[in-house]
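Visitor: Chains as they are written, first to last, in my numbering: chain X, 24 to 378; chain D, 1478 to 1606.
1. Rounded to a whole number of angstroms, what is the C-alpha to C-alpha distance between residue 367/X and residue 1556/D?
2. Using a Cβ-Cβ distance cut-off of 7 angstroms, determine whether residue 1554/D contacts chain X.
3. By a C-beta neighbour count over all protein chains shown, 10 Å radius and 16 as the cutoff for buried, is residue 1565/D buried or exposed?
4. Where does residue 89/X sit, in a helix, a strand or coil, going by DSSP?
5. Taking C-alpha atoms, which residue in 378/X, 203/X, 171/X lies nearest to residue 379/X?
6. So with Cβ pairs under 7 angstroms, would you call residue 129/X a contact of chain D?
7. Considering Cα atoms alone, identify which of 43/X, 35/X, 31/X is closest to residue 251/X.
8. Straight-line CA distance for residue 1519/D to residue 365/X?
9. Starting from the beta carbon of residue 238/X, find every residue of chain D whose beta carbon is closer than 9 angstroms, and list them in chain order.
10. What number of angstroms, rounded off, separates the C-alpha of residue 226/X from the C-alpha of residue 211/X?
11. What is the rounded straight-line gap between the Cα of residue 1546/D and the Cα of residue 278/X?
12. Go through its chain and collect everything with a Cβ distance to residue 264/X's Cβ below 7 angstroms, but skip five positions before and after it.
13. Looking at C-alpha atoms only, which residue of 184/X, 231/X, 90/X is the closest neighbour of residue 123/X?
14. Going by alpha carbons, who is nearest to residue 1503/D out of 59/X, 310/X, 355/X, 241/X?
15. Within this structure, are the beta carbons of residue 92/X and residue 166/X separated by less than 7 angstroms?
16. Would residue 224/X pass as a contact of residue 132/X if the rule is Cβ separation under 7 angstroms?
17. Is the beta carbon of residue 1513/D sitting closer than 7 angstroms to the one on residue 239/X?
18. Compute the distance between the beta-carbons of residue 161/X and residue 85/X, then report whether it is under 7 angstroms.
19. Output the boundary residues of the alpha helix (DSSP H) element that contains residue 22/X.
20. Anyone know if the C-beta pair for residue 178/X and residue 332/X falls short of 7 angstroms?
21. Any idea which residues DSSP pairs residue 1498/D with across the strands?
22. Let me know the secondary structure DSSP gives residue 210/X once reduced to three states.
23. My assumption, with CB atoms under 8 angstroms, is that residue 1541/D sits in contact with residue 130/X. Please give the rounded CB distance.
24. In angstroms, rounded to a whole number, what distance separates the CA positions of residue 109/X and residue 59/X?
25. Inspect the beta-carbon positions of residue 362/X and residue 320/X and report whether they are closer than 7 angstroms.
26. Does the structure place the region 305-315 of chain X close enough to the region 179-195 of chain X that three or more beta carbon pairs sit under 8 angstroms?
27. What's the gap between the Cα of residue 208/X and the Cα of residue 1531/D?
28. For residue 301/X, count neighbouring C-beta atoms within 10 Å of its own C-beta (all shown protein chains included) and say buried if the count is 16 or more, exposed if not.
29. Hey, would you say the C-beta of residue 202/X is under 6 angstroms away from at least one heavy atom of the ligand FAD?
30. Spatial neighbours of residue 24/X within its chain, please: CB distance less than 7 angstroms, with the 5 preceding and 5 following residues excluded, ordered by chain position.
31. Got a sec: is the Cβ-Cβ distance from residue 1562/D to anything in chain X below 7 angstroms?
32. I'd like to confirm the pairing. Which residues does DSSP put opposite residue 319/X in its beta bridges?
33. Whose C-alpha, out of 294/X, 257/X, 154/X, 267/X, is nearest the C-alpha of residue 49/X?
34. Distance, Cα to Cα, residue 76/X vs residue 318/X?
35. By the three-class DSSP mapping on this structure, what secondary structure does residue 32/X have?
36. Name the chain X residues whose beta carbon is nearer than 7 angstroms to that of residue 1568/D?
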């Protein structure tokens, strides 16, 4: 007959676990480690080229430019060695570039989508073409980054854009009941001008709070319990540490862009209605003709699928595909299974269109 | 049909003091999380959070403005630039960067047309690997 004894090891391990916890919460993990070199800068924005590892003759001809959101660091695309989308794509023979928007200062409070899409992006892309020696290129936009790439692709369809990958893209704001951010930023409750008058830019802390408050228990409690439960597993602790480092390193969003995001998109859904005007040019999605892959995270609570799934019907592209995958907004690209699911799919789709 | 177990008669099962706490915790977490998600998706939450933010912004505005005025005056007295001065200089620098980028683009175009017009084998730019 079995009898229960008190497991002293569990108690004795507590000091060691507390030290690990302190290390993880008090230090920053080494993220974004893939070697890269800056090839262009403008204001806070920098265009990086990742050092290729595949010899030039074996590489795909068409370079790939990554564009991430405005209010987070793009390090999530290159989270940690052995688990990095950038590293994966470089190893698969792509010439990979990253447009890092940097952190806007108070002097950048008027920057808006027009500046990002018609001033910064075309200049960075010109440099990319000069360095790569290729007149065509592919764009991968993620989250707010995909708003920028979509606007750019529709406004500059003849600029050489061959393939557009749109990841968890918040583009369609018609179904307000399903979009929590749309409720919170409704004009009845949220005075965008008052916030920007006070801060100039949308503060990083407020953006971080907003993102976490969508699932408060998971983000403020469950996430830390998950760490504690797995604190003896160095592999899981490293992964958690890297993600925590990224999640807690947010940046402000330029006031002008935030104003457009809330008023023109969240409230008035102008992009999908083809009524968005950028520097006097109307953004007509029918003019977007690049090959398009829309990646939808089925369990995305930040950008629900309804915000992305209508894009293919709106654009003028002939070659278009929608890829739905179980997972959350970040998890589909940075989760533990991303290298078996999302990344190979993106690679397969892009490889067929990059030579 | 009986289940096979690895337990040997007389063996001692170790007792993890945290296990029962974990089970109780996990049982409650899911329900708590669901309730909270429902709450943050309600109009009541939107209204409450909006009101809190508005109260903070309205209440702090006079202090911010006063602090701003005092700082500007103090920096002016000390002969030091204010935040607005720095912002203005930064914007001017960005404009200069844009001009430089335009020049860079022109040089690239000139180089490209020179290479294209050069006879084969003379002066062709080595493509970067």
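Ideal Cβ placement from N, Cα and C applies to all residues, glycine included.
Guide: Walking through what the data contain:
1. 59 angstroms
2. no
3. exposed
4. strand
5. Outside the displayed range of chain X (24 to 378) lies residue 379/X, so it cannot be described from this structure.
6. yes
7. 43/X
8. 33 angstroms
9. 1510, 1513, 1514, 1517
10. 21 angstroms
11. 22 angstroms
12. 47, 52
13. 90/X
14. 241/X
15. yes
16. yes
17. yes
18. yes
19. In the structure as shown, chain X begins at 24 and stops at 378. Residue 22/X is therefore absent and cannot be evaluated.
20. no
21. DSSP output for residue 1498/D lists no bridge partner at all.
22. coil
23. 18 angstroms between Cβ atoms; not a contact.
24. 10 angstroms
25. no
26. yes
27. 12 angstroms
28. buried
29. In the structure on display, the ligand FAD does not appear, and there are no ligands present to speak of.
30. With a pLDDT of only 45 at residue 24/X, under 50, the local geometry of the prediction cannot be trusted, and no value is derived from it.
31. no
32. 347/X
33. 267/X
34. 27 angstroms
35. helix
36. 130
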